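My numbering numbers the first residue of the sequence shown as 299 and each following residue consecutively.
Backbone N, C-alpha and C fix where the C-beta goes; we use that ideal spot for every residue, glycine too.
All values reported here derive from a predicted model rather than from experimental measurement.
Below is one structure, written out as structure tokens, with a few remarks after it.
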Amino acid sequence: MSDPYMSDPYARLARLALADGLPDLAQAHWVLDGKDVEMLPLLDAAFQPRRAHFGRSVSIHVLNNVQNGLCPEDCGYCAQSKVSGAAIRQYKMKSDEEIFEAAEAAAKGGAVRYCMALSGRGPSVQRAQRLGDLIARLKAEYGMEICLSAGIMGDEQAKILGEAGLDRLNHNLNTSEGHYNKITTTHTWQDRVDTLAAARRNGIETCSGLIIGMGEESSDIIEVGFKLRELETPSIPVNFLIPIEGNPVTEDGSLTPERCLRALCLMRFINPRAEIRMAGGREGNLRGLQSLGLYPANSLFVGGYLTTRGDPFAETYAMIEDAGFEVAGREDQERTAPGFRLSGQDALIRPDVAASPASAE
Ligand code: SF4
């Protein structure tokens, strides 16, 4: 009897992912670029491993940019880099009070994780000690998991942070090794891989993902996906480039909502057990298809990114619930989504005809 999966590429991908197998290169390219790909069967195939490992839950992450700008690095996509002409508010590391205030708001909003991001090449040992102290106090006070994105670091800093109880260290690979020096020249892709290795050696879970829409080829996206699998990365943010005026790397014209969905599906097929996150730029790039992204992805950021705004809690929760998913940690709470809603100010449409003298007779 012939195997029904052999003739169904979607079922083959789903079955592979459910068995923790890896798609081959041809399958990966087909997911991103196949002209005969139908989006709904593709999303359904990606949903199968997502549902097996995460059900219908969506983890909410909130970013707090605790130090902004003033960075000596030259990452071309980043408004905080020394080469960006973007008009951002630059500030040194926030006070402990400000960081605690934002953590409290995130906890009240239902965030399961509080992510602190610092601009800069990487923390000194002294800075790592201050962060470690802060992390230990935040965990004791709010019970949220704490993530940190603080740049390149070695064992000395990672040990301090690991001992303080840091749950996750974020350091994105961003793009493939071959494409990396078109985006950044002041550090290497290997520096990023080494930082992730230092975190793992010191008992910290890693979070590492990519940014798509930076002039890369599909093969670059696929290579990052496979590398993240090789590094056994449990948390993968998929960022969609936010074009910021003044940055050297802006729109490459490749990002459509469908391209974004295909990339999310691909990351799920390659990394079936990972937390796949619709990260920076989901609002502007997925637009009306954001809720379809919840089929491959099981996590998202709320409230904005490092230097740009995002959708607030209420809109995001409504989008999640309207699509039949649940915000993780809020299963017992009432639905956030209100009833009938219209965007804009005025719910009444006043037909022109009512104002015309002819129709008034
Ligand atoms: S991504 Fe990080 S290291 Fe690169 S310029 Fe921005 S803040 Fe600096």
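Where the alpha helix (DSSP H) through residue i begins and ends
i	result
Thr-493	487-499
Ser-357	Not the alpha helix (DSSP H): Ser-357 falls in the beta strand (DSSP E), residues 355-365.
Pro-307	307-316
Val-329	323-331
Ser-382	Ser-382 -> no alpha helix (DSSP H), and no H or E assigned at all.
Ile-519	516-528
Leu-368	Per DSSP, Leu-368 belongs to no alpha helix (DSSP H) and is neither H nor E.
Arg-348	337-352
Leu-436	423-440
Spatial neighbours of residue i in its chain, beta-carbon cut-off 7 Å, leaving aside the 5 residues before and after
i	result
Lys-437	Ile-444, Gly-463
Ala-722	The question about residue 722 has no answer here: the residues shown for the chain are numbered 299 through 659.
Leu-587	Pro-555, Leu-559
Ala-350	Leu-316
Phe-352	Asn-596
Ser-305	none
Nonlocal neighbours in the same chain, by C-beta distance under 6 Å from residue i, ignoring five residues either side
i	result
Glu-659	Because Glu-659 carries a pLDDT of 41, less than 50, the predicted location of this residue cannot be relied on, and no value is offered for it.
Ala-315	Pro-347, Phe-567, Pro-570
Ala-456	Ala-496, Ala-497, Asn-500
Ala-404	Val-360, Tyr-412
Ser-597	Ser-357, Glu-573, Arg-575
Ala-621	Ser-589, Leu-592
Met-565	Gly-523, Ile-534, Val-536, Ile-574
Glu-624	Arg-354, Ser-355
Trp-487	Glu-475, Tyr-478
Pro-307	none
Tyr-389	Asn-366
Nearest neighbour of residue i, chosen from the options [CA to CA]
i	options	result
Thr-482	Arg-310, Cys-369, Glu-581, Arg-585	Cys-369
Glu-528	Arg-313, Ala-309, Asp-318	Asp-318
Asp-391	Asn-363, Gly-407, Ala-404, Tyr-593	With the sequence shown as reference, residue 391 is identified as Met, and Asp is not the correct amino acid for it. Ranking the options by Cα distance to Met-391, first place goes to Asn-363.
Ser-417	Arg-575, Asp-372, Ala-309	Asp-372
Met-576	Thr-614, Ser-552, Val-547	Thr-614
Gly-513	Ile-574, Leu-553, Thr-493	Leu-553
Leu-559	Arg-580, Thr-548, Asp-465, Val-547	Arg-580
Ile-458	Lys-406, Asp-306, Ala-434	Ala-434
Arg-419	Thr-493, Phe-623, Met-337	Thr-493
Ser-516	His-485, Lys-480, Arg-557, Arg-490	Arg-557
Phe-398	Tyr-375, Gly-374, Gln-388, Met-442	Met-442
Thr-473	Gly-408, Trp-328, Gly-374, Arg-313	Gly-374
Thr-548	Gly-407, Lys-480, Asp-489, Ala-426	Lys-480
Residue j beta carbon less than 8 Å from that of residue i
i	j	result
Arg-499	Asp-453	yes
Val-335	Ile-618	no
Leu-539	Val-522	no
Asp-550	Gly-582	no
His-477	Asp-518	yes
Ser-506	Leu-471	yes
Gly-544	Ala-415	no
Pro-555	Leu-341	no
Pro-321	Leu-311	yes
Leu-467	Thr-504	yes
Ile-520	Ala-326	yes
Gly-591	Leu-584	yes
Pro-546	Val-381	yes
Ala-401	Tyr-440	yes
Leu-338	Asp-394	no
Neighbourhood of residue i by C-beta distance below 8 Å, restricted to the same chain and skipping five residues each side
i	result
Pro-421	Leu-429, Ala-448, Gly-449, Met-451, Gln-455
Ala-626	Ser-355, Val-356, Ser-357, Ile-358, Val-410
Gly-460	Ala-497, Asn-500, Gly-501, Ile-502
Ile-386	Asn-366, Gly-367, Ala-377, Gln-378, Thr-605
Phe-345	Tyr-593, Pro-594
Val-423	Glu-454, Gln-455, Ile-458
Residue-chain proximity (residue i, chain D), Cβ-Cβ < 8 Å
i	result
Lys-437	Among the chains in the structure shown there is no chain D, since it carries only a single protein chain.
Element boundaries [beta strand (DSSP E), containing residue i]
i	result
Asn-468	466-468
Pro-555	Unbroken run through Pro-555 is the alpha helix (DSSP H), 555-568; no beta strand (DSSP E).
Ala-415	411-416
Met-451	Unbroken run through Met-451: none, as it is neither H nor E.
Asn-537	533-538
Ile-258	Past the boundaries of the shown model lies residue 258; the chain is included only from 299 to 659, so the question cannot be answered.
Leu-584	That residue, Leu-584, is in no beta strand (DSSP E); its alpha helix (DSSP H) goes 580-584.
Phe-599	597-599
Taking a cut-off of 5 Å, which residues have a beta-carbon closer than that to any heavy atom of the ligand SF4, in chain order? Cys-369, Glu-371, Cys-373, Cys-376, Gln-378, Ser-379, Ser-417
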